[in-house]
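Those sequence lines, one after another, are chains A and B. With our numbering applied, the first sequence covers 1 to 331. With our numbering applied, the second sequence covers 332 to 588. From the three backbone atoms N, C-alpha and C, an ideal C-beta is built for every residue, glycine too. Just so you know, these numbers come straight off a predicted model, no measurement behind them. A quick write-up on the structure given underneath.
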Amino acid sequence: MTRTVFDHTSAIEAHGLVKTYPGDVRALDGVDLTVASGTVFGLLGPNGAGKSTTVKILTTLSRPDAGGASVAGRDVLAEPVAVRHAIGVVGQKHGTDPDATGRENLVVQGSFYGLTGGELKRRAAESLERFGLASAADRRVKTYSGGMQRRLDVALGLIHRPQVLFLDEPTTGLDPEARAEMWGEIERLARQEGMTILLTTHYLEEADRLASQLAIVDRGRIVARGTPDELKSELQGDTIQVELADGDGVAARAALELVTAARDVTLDGSTLRARAQDGGAAVPAVLAALEAHGIRAAAVTLARPSLDDVYLRYAGRAFQQADTEGQEATP
Amino acid sequence: MTPLLQTWQVTLRYLRVIARQPAFLGIALVQPIIWLLLFGALFKAVTQIPGFQGSSYVDYLTPGVVVMLAVSSAGWTGMGFIEDINSGVMDRMLASPVWRGALNLGSVAQAVIQILVQTVLIVLLALALGAHYANGLGGVLILMLVAALLGAAFASLSNGLAVLARQRETLIGAVTLVLLPLTFLSSALMQESLVPGWISTVATFNPVNWAVEAGRSATLSEIDWGLVAGRVGLLAGLVLLSTWFATRAFGTYQRSL
């Protein structure tokens, strides 16, 4: 069977997804999504924002109260079995059977997709090899480290070579080393195999590094979307921060306000902040203006806006705070 | 072919879980022995009650213990599904195109295999205690058949309940609530002629009693083929109904996700 990947067809389309849980909890409040084939799409948001609910609907586990979606060209409500054949799902919880070996887990999973006999055995062995589990293949999964279990989870999601892969918080709970490994594996899947990947995460850096397109979810709605760079540049440039060594802060602010490249100048104690479209180019002008007024700078730092700033702007609250609230709200 | 292979893989999965827990395996093997010896000693005097037909309580008790053990082993089958729901394995399986029936039937097959092993154990032990099977191997095979059917029905019920309730406590409560009344509202331990009339009326509708009557008819004296066929038919009907219920439960579970 050959698979054709068109550059600009969308692998995932969702419109107007609404999902309410008993007790009037509105988990999704009208979510629209388009994910182009062969791209990594990041669904970023704090705990309880609606990321997992969206994934459950797109993977046919759950049904929306309103709206619809198609994955790999098939309608998730009308043709759930066809969708299931086309997708791989790596859930938030470990989906591995702790009493079975890695190989046994893969064989059972493969049989669910219609693989049999020698083909099934060969695929299981290949998966173990590829995810660095060959030497642990016949050990029970309960003896695996967290990183090994997570790799097996991904191997299970890929055994039938799906067109679209869903990764629900793939690195939550992993130590930094295992996280870096997982990131490498996801990048490899996207680059070398051209697989469409929908990834949910509540790590801003993870979304920034892996996803070519992002949607920020907050309280069941998508509040912003675009490439990570687009979203960041909507914040109008970089932040220049100047620590004053001594002297008059007010005079320094007045001096900076005359620099055309710097905007939104604010003074906070002995710290001056300004925004600039291109921070690197603006720094010499800023320093020259200060020097002209006899003001010494102790330190100058330049910061690209982070997704944290993006989140703050669109959701109107800091990510950390929303995350904690969401954690308390979800049982 | 694929649904069968999938069912077999699920069966293997649950058999492995059992086989790799030596404590569970030990308990499952010791339990039949304890039950047979304990009930045998406890109710030995029953044969002295005027009106008791036959003279050997071991002969009488063996089919009763087989059936009691079948329904009790089967009742706990749903615990596996609750483990799977909590670990995330259930959601992974349901996101795959696996035939839903295979998930239930695989688990039921594991329960039935366990029950058959336990039944063989009881039958052999009773033989060592001097039991006498009036219809030889054929009668014992019928006893095994009804134990398997009853076990399959209750395993499916347990699975369906587990998927709907999703909570260990609910399943434990339900099984404990149902198990003893089902056993005592049957002729598993006591001849029907010796129990109050209302119990014997209730027993008519009790699947455990269907299995006990058929099993006893097959092992105790000359086989009443009409009775055996009727009870096997009822049990088979119950298996179909409970299998349908358990398979449907996955849909209800998914709607609540």
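- MET424 (chain B) has a beta carbon lying within less than 8 Å of a beta carbon in chain A.
- Under the three-state reduction of DSSP, GLN379 (chain B) is assigned to helix.
- DSSP places ILE554 (chain B) outside any alpha helix (DSSP H), giving it a letter other than H or E.
- Look at the beta carbons and you see the region 34 to 49 of chain A touching the region 198 to 210 of chain A: at least three pairs across the two are nearer than 8 Å.
- Here DSSP, grouped into helix, strand and coil, assigns TYR21 (chain A) to strand.
- Under the 8 Å criterion on CB atoms, TYR113 (chain A) is classed as interfacial with respect to chain B.
- When C-beta atoms of the region 171 to 191 of chain A are compared with those of the region 105 to 116 of chain A, fewer than three pairs fall below 8 Å, so the two segments do not count as touching.
- The Cβ neighbour count for ARG586 (chain B), taken over all protein chains shown within 10 Å, is under 16; the residue is labelled exposed.
- Short of 6 Å from the beta carbon of GLU129 (chain A), and not among the five residues preceding or following it, lies no beta carbon of its own chain.
- Taking a beta-carbon distance threshold of 8 Å, SER10 (chain A) does not count as an interface residue toward chain B.
- Residue ranges of uninterrupted alpha helix (DSSP H) with 4 or more members, entirely inside the region 335 to 376 of chain B and ordered along the chain, are 353 to 373.
- Here the alpha carbon of ALA534 (chain B) sits roughly 48 Å from the alpha carbon of HIS85 (chain A).
- Contact annotation, ILE57 (chain A) with LEU17 (chain A): C-beta distance approximately 6 Å; criterion of less than 8 Å satisfied.
- Leaving aside the five residues that flank VAL89 (chain A) on each side, the residues in its chain whose CB is nearer than 6 Å to its CB run, in chain order, THR59, GLY157 and PHE166.
- The beta carbon of GLY147 (chain A) sits closer than 8 Å to the beta carbons of LEU174, ASP175, GLU177, ALA178, GLU181 and MET182 from its chain, once the five residues preceding and following it are set aside; these are given in chain order.
- Straight-line measurement puts the Cα of ASP278 (chain A) at about 41 Å from the Cα of ARG26 (chain A).
- By the criterion of at least three beta-carbon pairs nearer than 8 Å, the region 407 to 421 of chain B is not in contact with the region 384 to 396 of chain B.
- Taking all protein chains in view, the Cβ of LYS19 (chain A) is crowded by 16 or more other Cβ atoms within 10 Å, so the residue is classified as buried.
- Counted as a single uninterrupted DSSP element, the alpha helix (DSSP H) harbouring THR393 (chain B) occupies residues 388 to 406.
- Contact between VAL310 (chain A) and ILE240 (chain A) is absent: CB atoms are separated by about 18 Å, not below the 8 Å threshold.
- Nearest CB-CB separation between GLY357 (chain B) and chain A: not below the 8 Å threshold.
- Neighbours of VAL76 (chain A) in chain B, taken as residues at a C-beta separation under 9 Å, are lacking, since the least C-beta distance is about 11 Å.
- Look at the region 133 to 165 of chain A and you find these whole runs of alpha helix (DSSP H), each 4 residues long or longer: 146 to 158.
- Excluding the 5 residues flanking it on each side, ALA433 (chain B) has same chain C-beta neighbours closer than 7 Å at PRO334, GLN337, THR338 and VAL341, in chain order.
- Contacts with chain A at 8 Å (Cβ-Cβ) include SER418 (chain B).
- According to DSSP, THR101 (chain A) shares a beta bridge with A:ARG140.
- For ASP264 (chain A), the nearest beta carbon of chain B is not closer than 8 Å to its own beta carbon.
- At least one beta carbon of chain B lies nearer than 8 Å to the beta carbon of ASP99 (chain A).
- GLY269 (chain A) and PHE131 (chain A) have their C-alpha atoms some 53 Å from each other.
- ALA465 (chain B) is not a Cβ neighbour of THR574 (chain B), given a cutoff of 8 Å.
- For ARG497 (chain B), the secondary structure class from DSSP, reduced to helix, strand or coil, is coil.
- ILE197 (chain A) is not a Cβ neighbour of TYR314 (chain A), given a cutoff of 8 Å.
- Counting only residues of its own chain and dropping the five nearest sequence neighbours on each side, ALA483 (chain B) has a CB closer than 6 Å to the CB of VAL439, VAL443 and VAL570.
- If you look at LEU588 (chain B), you'll find it isn't in any beta strand (DSSP E); DSSP assigns it neither H nor E.
- Interface with chain B (8 Å Cβ-Cβ cutoff): HIS85 (chain A) is included.
- When DSSP reads this structure, LEU447 (chain B) sits in no beta bridge, so it has no partner.
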